[in-house]
Amino acid sequence: MKLFLTMDAKKIRASLTAGFCGYLLLSASLCFPHSPKMELELGELKFVLPQFTGPYREREANISPEEYEMAEQLKLLLEENDKQKVIEVLEGYYDIELSPAMLTLKAQVYFSMEMLEEAEETFLEVLSRKPQLIRVHADLGQLYLYREQNEQARQHFAKAVAYGSNEAIVHGQLAYLNLQLKGPYTAISEYQQAIALEPDNWQWHQGLLSALSQAGMYESAAALVTELLGKRPHNASLWLTKAALSLRSEQKMEALSSLEIAILLGEKNQNNLRTAAQLHLQLGSYNRAIELLNESLDTAMLSMQSINEYLVWLLELGLWNEADQLLLKTEARLSEFSLDDQSNFYWHRAKIDSKLNKSAGADIHFSKALELSPNNGFALLDYAEFKLKQGSFVNAELLYIRAEAIDETHKDAILGRAQLYLNTKDYTSALVQLRNAYVRYPELATLKENIEIVENIITAAQIERN
Amino acid sequence: MNYLAIASILVLLSACSGGVKPVNCNTNDWRELGQETALRGEAVRTLDKYKAQCATVGKNQQKLFLAGYKQGLKVFCSYEMGYKFGKENLVDQKICPSEMRSEFEKGYRKGAAEYADMKALIKDIDKEAERQRNASQDSLESQRQRSGR
């Protein structure tokens, strides 16, 4: 006698997806001094909860001979999807009167009706009578998974496997939970088992790939990706993974070519486009880098943070015109940004003007940047330097003093002011600044030499005066 | 506690009294009541009769009763208890759940077979006694006939 029961897995799947989602993030730092870390965001690792029931297996539990008649009746009700009636019939018996198989059916119907407490209690009751029922361990594992009690879910899936479950889904679920809770090494063999049982199930391959990558087994992961790409050459997410793995092993050219294929196949993630642009900048293919920046500007709403990063790279490379173009494109959306971001926009604008010798424009844009955010330390520093070059020492001094009040620019500002005093031959003030800097930043070994030089200059001047 | 000894006494009591044991509805120990019910070999449905006797059986009491009943079954559904039931020619009410019943049934079959053997032996003895009685009556009759002649 076989009873079939299916549940509305859709609801469960919907609520589970968020909980089961993860992604592989690989990053590698760049040699650019101010550049952010280079990283690729890979596709989410999706976990699809299957329908949780199926036919009873002979090896699990059989209904009692005296239950055959009832089983026939329940089978008809289940075929009509009348779960409420099934429950009514089963609740007409004390649990001890039902065979473990029939009791399991009762728990499964509760589960499918989302009567989770009753389902849990009934599953546990079955296990108290037959502790080795594989199906019940697997179902209870799924119930706990649904309730996001992952540790308990993991324990029951582990028991199902220990008692001999040979279902790919159980191995896969255990692998996923192990990956989440116990680390990648505990997941690898379970994913392999799931793949052995269901070689065509994509999620097991994805899971194994994720586990191998997280375990730092890049060579194995790369080999798996290559194999998978042989089967699915048009899968952008696989190319992305390949790029991430290459990036990990510092093979930038390979990473870039994989990334470009992913982009060709439709990859649009802003961070990944940015990483591609960054790699192009590093490898000297500026045109493609700019093209990617323009593409992402056209297709996505770039955040000011991203724009800042692009501008930093472009300015580092002296690509002033490209930086200028980028700012022009951004200007239309300026009002969408916060005051700090707007301030950064004008700061970059001013820097470009300054580099292009548009002094009046630079002056206006620096002022605007500081008007929007008086504590924009980098704008204060650059403006001070600009004023210093213009010979406007008093203004430069004031700007340096303001920048000194900000932690992230304190060091540069204190040294900048020292430089200002040296430029204006105010050696006494320069010496004070340098000594202050040395007390605060003793790691700056060259300061000591500078201090000695300035002291010598002062002494020589005094001797000369005398 | 020697469950088997208690069970034997209860089985005998049950066999003597018949029907449902009247219950003290104010009992604090529904678990024990459940256990005793199982040990007497009575079906869990006995609880329904207790419920009918006592209007105040709540969910908690029921839960305790069922837990005790389950505990009692662990003792009752054994080879020894099956044997005892079979040998005393008591009715197997099939209260053991499917996963526990094989040992009980094995014992019951053995006990019932011994009961049947014993019954057959008694029958044979009765027959033999009858035969001997008849034979002696026949002998007396023939003696009477000889002396009358």
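Going down the list, the protein sequences come from chains A and B. Residue 81 is where the first sequence starts when you use the working numbering, and the numbers rise one by one after that. Residue 2 is where the second sequence starts when you use the working numbering, and the numbers rise one by one after that. Heads up, the beta-carbon is just placed ideally off N, CA and C, and yes, glycines get one too. In this text, all values refer to a predicted model and were calculated from it rather than measured experimentally.
Anticipated Cβ contact below 8 Å, residue i with residue j, distance rounded
i	j	result
Gln212 of chain A	Phe237 of chain A	Incorrect: roughly 14 Å between the Cβ atoms, too far for contact.
Leu394 of chain A	Glu402 of chain A	5 Å
Trp31 of chain B	Gly69 of chain B	7 Å
Leu292 of chain A	Ala301 of chain A	4 Å
Leu399 of chain A	Tyr426 of chain A	With 8 Å as the limit, Leu399 of chain A and Tyr426 of chain A do not qualify as a contact, their Cβ atoms being about 19 Å apart.
Lys467 of chain A	Asn455 of chain A	Lys467 of chain A to Asn455 of chain A, Cβ: 18 Å. No contact.
Leu500 of chain A	Ile531 of chain A	That pair is no contact at about 17 Å.
Glu100 of chain B	Arg209 of chain A	6 Å
Ala39 of chain B	Leu74 of chain B	5 Å
Ser472 of chain A	Leu452 of chain A	Their Cβ separation, rounded to whole angstroms, is 21 Å, which puts Ser472 of chain A and Leu452 of chain A out of contact at 8 Å.
Ile547 of chain A	Tyr507 of chain A	The structure shown does not extend to residue 547 of chain A, since chain A spans only 81 to 546, so no value can be given for it.
Gln36 of chain B	Gln72 of chain B	5 Å
Ile96 of chain B	Val45 of chain B	7 Å
Ala335 of chain A	Leu359 of chain A	6 Å
Leu223 of chain A	Ala199 of chain A	6 Å
Ala517 of chain A	Leu502 of chain A	No, Ala517 of chain A and Leu502 of chain A are not in contact; Cβ-Cβ is about 13 Å, not under 8 Å.
Pro264 of chain A	Ala218 of chain A	About 23 Å separates the two Cβ atoms, so there is no contact after all.
Same chain, Cβ closer than 6 Å to residue i, five either side skipped, listed in chain order
i	result
Leu48 of chain B	Phe66
Leu154 of chain A	Val166
Pro116 of chain A	Because the pLDDT of Pro116 of chain A is 38, which lies under 50, any placement of that residue in the model is unreliable, and the question is left without a value.
Met384 of chain A	Phe417, Asp421
Ala248 of chain A	Ala274, Leu277, Glu278
Cys26 of chain B	Cys55
Ala357 of chain A	Ala369, Leu372, Leu373
Ser144 of chain A	Ser179
Tyr243 of chain A	Gln212, Ile214
Met193 of chain A	Lys163
His251 of chain A	Glu270, Gln273, Ala274
Own chain, CB closer than 8 Å to residue i, minus 5 neighbours either side, in chain order
i	result
Ala54 of chain A	Here chain A has residues from 81 to 546 only, and residue 54 of chain A is not among them.
Ala342 of chain A	Ala316, Ser317, Trp319, Leu320, Ala323, Asn352
Gly310 of chain A	none
Leu397 of chain A	Leu361, Tyr366
Leu261 of chain A	Asn230, Glu231, Arg234
Thr104 of chain B	It is Glu, not Thr, that sits at residue 104 of chain B in the sequence shown. Excluding sequence neighbours, Glu104 of chain B sits near Cys78, Ser79, Tyr80, Gly83.
Ile481 of chain A	Ala493, Arg497
Pro113 of chain A	Confidence is the limiting factor: at Pro113 of chain A the pLDDT is only 32, short of 50, which leaves the residue's position unreliable, though a coordinate-based value still follows. Counting only Cβ-Cβ distances below 8 Å, and skipping sequence neighbours, we find Glu396.
Leu345 of chain A	His314, Asn315, Ala316, Trp319
Lys91 of chain A	For Lys91 of chain A, the predicted structure reports a pLDDT of 34, less than 50, and the residue's modelled location is therefore unreliable. A value from the coordinates is still provided. Excluding sequence neighbours, Lys91 of chain A sits near Glu194.
Thr504 of chain A	Phe473
Other residues of its chain near residue i: CB distance less than 7 Å, five sequence neighbours each side excluded
i	result
Gly221 of chain A	Ala233, His236, Phe237, Ala240, Gln253
Ile533 of chain A	none
Arg429 of chain A	Leu407, His445
Arg312 of chain A	Leu318
Ala108 of chain A	With a pLDDT of only 30 at Ala108 of chain A, under 50, the local geometry of the prediction cannot be trusted, and the value read off the model is given with reservation. The answer, listed in chain order, is Met118, Leu327, Arg328, Glu330.
Lys332 of chain A	Leu359, Gln362, Leu363
Leu419 of chain A	Leu452, Ser453
Gly112 of chain B	Gly83, Tyr84, Lys85, Phe86, Gly87, Lys88
Ala442 of chain A	Ala430, Asp433, Ser434, Phe466
Glu347 of chain A	Ala316, Leu320
Check: residue i C-beta below 7 Å from any heavy atom of the ligand MN
i	result
Ala242 of chain A	Although the ligand MN was asked about, the structure shown includes no ligands whatsoever.
Suppose only complete runs of 4+ residues qualify. What are the alpha helix (DSSP H) ranges in the segment 372 to 413 of chain A, listed by chain order? 384 to 396, 400 to 411
Given 8 Å as the limit, is there contact between the segment 200 to 217 of chain A and the segment 118 to 130 of chain B, that is, 3 or more CB pairs closer than that? no
Assess contact between the segment 179 to 193 of chain A and the segment 144 to 153 of chain A, defined as three or more Cβ pairs (one per stretch) separated by less than 8 Å. Is contact present? yes
Could you name each continuous beta strand (DSSP E) segment of 3 residues or more that falls completely within the segment 73 to 148 of chain B, going from the start of the chain to the end? none
Across the segment 82 to 102 of chain B and the segment 49 to 65 of chain B, are there enough close Cβ pairs to call them in contact, namely three or more that are closer than 8 Å? no
Would you check if the segment 331 to 342 of chain A and the segment 351 to 367 of chain A touch, i.e. whether three or more CB-CB distances between them fall below 8 Å? yes
Are three or more beta carbon pairs between the segment 432 to 446 of chain A and the segment 408 to 417 of chain A nearer than 8 Å? no
Quick check: the segment 257 to 269 of chain A against the segment 288 to 296 of chain A, are there 3 or more CB pairs under 8 Å? yes
Could you tell me which uninterrupted alpha helix (DSSP H) segments, each at least 4 residues in length, are contained entirely in the segment 476 to 535 of chain A, listed from first to last along the chain? 487 to 503, 507 to 520
Can you check the segment 261 to 313 of chain A for any alpha helix (DSSP H) of at least 4 residues that lies completely inside it and give the ranges in chain order? 265 to 277, 282 to 294, 298 to 311
Counting only runs that start and end within the segment 199 to 230 of chain A, where is the beta strand (DSSP E) found for 3 or more residues in a row? none
Could you pull out every unbroken alpha helix (DSSP H) segment of at least 4 residues lying fully inside the segment 37 to 66 of chain B, listed in chain order? 47 to 54
Let me know the alpha helix (DSSP H) ranges lying completely inside the segment 427 to 475 of chain A, each 4 residues or longer, listed in chain order. 439 to 452, 457 to 470
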